[in-house]
Each structure stands twice: as structure tokens, then as C-alpha cells.
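Worksheet: the structure to be examined is printed underneath.
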Amino acid sequence: MLTPPDNPPFEFSLGLDNRSAKQIRSGMRQVYTGAWQRLRPAPVLAAILVSSFLCGRPLGPVQVQAAAEVAAQDSGVQETNPLRTWTDRTGQHQTEAEFVQLRGTNVTLKLASGQLIEVPLEQMSDEDRRVARQAAAAQRPATRAARGNAPAGRGTGEASGSEHGSDSGVSGGERVEREGNWSQWRGPNRDGLSRETGLLQTWPDGGPPVVFQSEGLGGGYSSVAVVDGRVFTLGKFGDETRLLAVSAEDGRLLWEATLGTGGDNPNGTPTVDGDLVYAVSFAGDLICAQVETGEVVWRKNFPRDFGGQMMSSWGYSESPLVDGDQVIVTPGARDAALAALDKRTGEVLWKTALPANPGPAGQDGAGYSSVVISQARGVKQYVQFVGRGVISADAATGKFLWGYNRIANGTANVPTPIVSGDFVFCSSGYDDGGSALLRITGSRNQLSATEVWYKRSKDLQNHHGGMILLGDQVYMGHGHNNGFPVCFDLATGRDRWRPGRGAGTGSAAVAYADGRFYFRYESGVMALIEASPRDYFERGRFRIGINNGQSWSLPVIAGGKLYLRDQHQLIVYDIKRR
6 MLTPPDNPPF
16 EFSLGLDNRS
26 AKQIRSGMRQ
36 VYTGAWQRLR
46 PAPVLAAILV
56 SSFLCGRPLG
66 PVQVQAAAEV
76 AAQDSGVQET
86 NPLRTWTDRT
96 GQHQTEAEFV
106 QLRGTNVTLK
116 LASGQLIEVP
126 LEQMSDEDRR
136 VARQAAAAQR
146 PATRAARGNA
156 PAGRGTGEAS
166 GSEHGSDSGV
176 SGGERVEREG
186 NWSQWRGPNR
196 DGLSRETGLL
206 QTWPDGGPPV
216 VFQSEGLGGG
226 YSSVAVVDGR
236 VFTLGKFGDE
246 TRLLAVSAED
256 GRLLWEATLG
266 TGGDNPNGTP
276 TVDGDLVYAV
286 SFAGDLICAQ
296 VETGEVVWRK
306 NFPRDFGGQM
316 MSSWGYSESP
326 LVDGDQVIVT
336 PGARDAALAA
346 LDKRTGEVLW
356 KTALPANPGP
366 AGQDGAGYSS
376 VVISQARGVK
386 QYVQFVGRGV
396 ISADAATGKF
406 LWGYNRIANG
416 TANVPTPIVS
426 GDFVFCSSGY
436 DDGGSALLRI
446 TGSRNQLSAT
456 EVWYKRSKDL
466 QNHHGGMILL
476 GDQVYMGHGH
486 NNGFPVCFDL
496 ATGRDRWRPG
506 RGAGTGSAAV
516 AYADGRFYFR
526 YESGVMALIE
536 ASPRDYFERG
546 RFRIGINNGQ
556 SWSLPVIAGG
566 KLYLRDQHQL
576 IVYDIKRR
């Protein structure tokens, strides 16, 4: 825990009177000692800004204005008018409005009338884009600012061993789903975190009640996306891979679309974005289809159109990332490790070429991971785990930014990395993988990844099934073909708990919702684990009602239901608290 200084190390230069400065100092000390419950919202905001000064992070005009407004409120001075003039990139159109949030690539503004409007970030002036990003950064939890050079936690629940967690809220680059939706691999922000509440905190003997069970999904380890009453997944039927939409009420088939032929059973999960859905087959067939009808809008093939390849024999397994007007995918070619396509036409916008020598570890080609978005060092970038390790590409141009080769193994790089502030956590299985925390340093023109800590695979590895950052801790299953539950501090890699064998055997696929982790074991057992860094507390277990071999597909929590795909079958449980 950080210790508050006896005397402030510098004089505040916010133009505030002594009384206000003292109030901000007081709020700052309370944040540093972790006394969140004693703070009112205004001093918390002030503490965020002052902590940023202490950590050497510059404050923009939005943060300074916010601090002044907070001090004015506490001093009995009338609050500053939050309205400002927003200008489009042409300079011809202006709007008086208050900033509300930055969600994905859209800015929400509140007019003086109270009406909310959404404006694409790209249509704003350069100055307004900067102000919007700074305002979004100021909305992030106090823990992110107060930690300075420590990696920032996320999510809801317990954090830093405290009884009081921090909610990540809405910040730049984060997506907020409509209630009851889970539109892509690992949820709205690809971090395994669901924002659903009111769920069962313990499970009855035999497990929660079954809503429905359906068949006819074909072969495959694909998980599901759940959006507006539809469930989307992939399946293999003979030699043909299909994208399917079924009803979220009873599992009846709504439509199906063919991706292509050849290859083995699919592994990736569809991504739903508005009226379109995207999916990749084992053989590297990428399609974009209409959500309502399944009509194919456009298609690509990674080996044919990009010269792509996989690092090993288990086929393309990624889930496409839709970001704004772009679809980001991983063909795995030397000159197209990543590629951005226009989401409505499939036109190639850019490709990421790897350096001539990406490192000796691993294999050439794509890995089995999926792309995530990072804002490290203020640079929007796409982070992916490919055959030669973890890499990053500039989100606007596709330019290769940095790579980390040591974490790659020679068989299959699977887990999707965790991104948090200027940090990236990555892990892989087999004998030559391991786990590492990276800190991204430098500026837009020259970023690099510095290893904060590394552990060998025998000490810490996620084979597959995923890793979740909640607060300051990472929760996952450890071990090759094992899902030994483990919780450790992200900043140091030190264990919080590691009880040994959990409720089931084999690898564990993990998701989080409402203070609980959902561990799905390869052996067909579901376990409910309390999200606490203090110790391992199991709050229920049951044997899944379907089992067709290796129970690997990621569990999905949406609309008070638990969705579990197992090859050609789907079973849905009611986990809503009554």
C-alpha cells in the first residue's frame, strides 16, 4: 500500500486558495491509505488528479478544470458550467454540449436540453478528440491514477486485498453492451468480465435449473455470442463449416451460412457488430453476414488472399475484432501478420509486416489467440499473440510497434493477452512457454516492451481457457492440460492463493460475473469460485448435463443465463437470483 507523505512534495499550482488545496491534499491522503468508504465523490475526483501529479503524469485542461470545480464545490463556490463548444473536423459545424463518455469510437454528448447525442470520434476536430480522450481518462477509477507506474486493475469485485473493489466504468476504448448481450469472444471488452448482477451466489446440489437444451450445432469447440435474442456459433457438418444463428429462448435454428469446405472442426467464436456478424473457420475462411438473415455480405480466405499460415496444425482459431469501421484479423503471413479490413466491404485497409528477425522462439504464422485493444503510452494499438510471440500494431496504420518473443512456445500460443494501461500480461503452455508482465515504454514513434517479470511454464502457465484481471489480481487455471485455480498479483507475479486441484480435471475455461468466477473444466464439471484475493472459496459445483468429450468451450453469462456449448449440443442454465 502506498503511504501518504507527511508533507506534500510540491506546491499545487492549480490557482486554488489554501483551503481548497488542503481539501485536495486531504482527499489524496485518504486515497493513498485506501479509505475509499470515507470519501465523497468530489474528493475522490480531486484525489485522482493530485495522484496523477505525484506519479509524474501530466494533467490536461480537462483534469485541471475538474479539480478546480471540485474545490469550488467544497468551498461553496458556484460550479463551473460543464458545457463547451465542440467542433467538427471541417470547422464548419459547432455544438454546445457536455461530455458524457467515450465508448469505443463514439463520443456521447449531452445538450443543454438534456438530449444525448453520439458523435464519431473521427469526425471531431483534433483538439476535441484530445479533450474527449482526456475527459474519458479522468473517468477511470482512482486506483488507476493512484498506482502511477503499477499496472492498473479493472473490473468489479475485490481488489488489492481490500474489501472494496473498483468498477472500471466506461473509459476510452471500452465497450458497453446492451443488457443481456455478449457479442464476442470473452465478452464486450474481450476480458472475460460480465457486468451482469443479481446472479446466484451459490449453486444448489445438482446445479442451477436448465432453461433448455438443443442439438444440431455441428462439431467444434466454438463458444457462443448472444445478442438480442439470438445465439451465434460455428459448426462443422461433413466437409462444410457453417455459421449458425439459433433462438436464445429454445435453441431452434434461425438460419445458417456456409464459410467454406475443408479443414477440421472450428474453434473461433463469431463477433456480432450491429447488423453484421463475422466468423473465421479452421481453414481460414472469413465471412461477414447479415445478422437478420445470414446472407453473406463478403468473404476472404487467409491463405489464398494474404498468403497466411498457422504456426501449427490445429487451424485458425481467432475471433475477429470489430473496432469502429475496421475488422482486425490475423492471417499469419510475414507481410500480413495482422490485417485491417473495411467491415462493410472487406476491402483491405492495411497489413502489418513483421520485422526480419522477430526472435528465435515459437514458429512462423498465426497463433490461436484473438486481438485486443491497448492504449499503452497513449497510442491506440492492437495486441496479438502470434507464432513468434506477442506483437503490437498501430491501430491507424498497421505499423509494427513492438514484439516480445520469449513467451512463445513451439507448439501453440493460445491465451488472449491481458492489457491494462501501459502493461500487457501474457502466458502460454507447453514446456517452453511461461508467463510474463510487460511494460510498454517510449512514444508513438518508438515503443518497446520491457519485461517486468517472467516465470517459467512449470511455475505459471495458462495452457488455454483464458486469464482474467480483476482489481490488481489475475485469476486463471494453471498447468499443461490442467486448470489448477490460481490467483496472483499482476504487478509482482506473487501468488495470493493456489489450492491445487480444483473441482474438475483438465484445462479450465474461465469467465466472471457478479463477484464469482465460472470455471468450466475439461472433464465436464462447472465450479463457482468467489472472486476474492484473500483465499480460495468454492461456492458450488455441478456436472454439466451434456458431455461429448473435451469440455473446452468458453462459458458465457448473458441475460441471467449460463450458456455452455459442447460440440453439436447447447445447454442453457438459469443463474438469476430469485
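Just so you know, we're using the numbering used here here: the sequence shown kicks off at 6 and counts up by one. Beta carbons are placed, not taken as given, at the ideal position from N, Cα and C, and that holds for glycine.
For Ala-358, there is no enclosing beta strand (DSSP E), as DSSP gives it neither H nor E. Taking Arg-548 as the centre and dropping the five residues before and after it, the same chain places the C-beta of Gly-529, Val-530 closer than 7 angstroms to its C-beta, in chain order. When secondary structure is reduced to three states using DSSP, Pro-308 falls in the helix class.
Between Thr-350 and the set Phe-311, Ala-294, Gln-368, the nearest pair of CA atoms involves Ala-294.
The C-beta separation of Arg-247 from Thr-266 comes to about 11 angstroms, leaving the pair out of contact by the 8 angstroms criterion. DSSP places Gly-383 in the helix class (H, G or I) of the three-state scheme. Asp-477 sits buried, since 16 or more C-beta atoms from the chains shown fall within 10 Å of its C-beta. Just so you know, the alpha carbons of Ala-253 and Gly-192 end up roughly 17 angstroms apart. About 4 angstroms separates the Cβ atoms of Lys-356 and Ala-341, confirming a contact at the 8 angstroms cut-off. A direct Cα-to-Cα measurement between Gly-507 and Leu-567 gives close to 20 angstroms.
Taking the C-beta atoms as reference points, Pro-213 is found no nearer than 8 angstroms to Tyr-526. Around the CB of Val-277, 16 or more other CB atoms lie within 10 Å, so the residue is classed as buried. The three-state reading of DSSP puts Arg-247 in strand, counting E and B together. Take the alpha-carbon of Gln-128 and the one of Arg-94: they are about 6 angstroms apart.
Three or more Cβ pairs drawn from the region 412-430 and the region 438-453 lie within less than 8 angstroms of each other, which places the two stretches in contact.
Sequence-distant Cβ neighbours of Arg-544 in its own chain, meaning closer than 8 angstroms and more than five residues away, are Gln-206, Thr-207, Trp-208, Arg-521, Leu-533, Ile-534, Glu-535. Across the structure, Asn-410 and Val-124 are spaced so that their CA atoms are roughly 39 angstroms apart. Where Asn-418 is concerned, there is no enclosing beta strand (DSSP E), because DSSP gives it neither an H nor an E. Counting along the chain, the unbroken beta strand (DSSP E) around Glu-543 starts and ends at 543-548. A distance below 8 angstroms separates the beta carbons of Val-388 and Pro-422. In this structure, Gly-505 is the residue among Gly-505, Gln-139, Gln-99 with its C-alpha nearest to the C-alpha of Asn-487. DSSP places Tyr-578 inside the beta strand (DSSP E), whose first and last residues are 574-579. Secondary structure at Val-136: helix, using DSSP grouped into helix, strand and coil. The beta carbon of Ser-558 lies closer than 6 angstroms to those of Tyr-226, Ser-228, Arg-570 in the same chain, with the five residues before and after it left out. With distances taken between CA atoms, Leu-575 lies nearest to Pro-560 out of Gly-564, Pro-560, Phe-489. Secondary structure note for Leu-559: it is in no beta strand (DSSP E), with a DSSP letter that is neither H nor E. From the listed residues Lys-305, Gly-498, Phe-390, the smallest Cα separation to Ala-366 is found for Phe-390. A direct Cα-to-Cα measurement between Ile-473 and Asp-280 gives close to 29 angstroms. Bridge pairing for Glu-323: absent [DSSP]. In the three-state reduction of the DSSP assignment, Asp-131 falls in the helix class.
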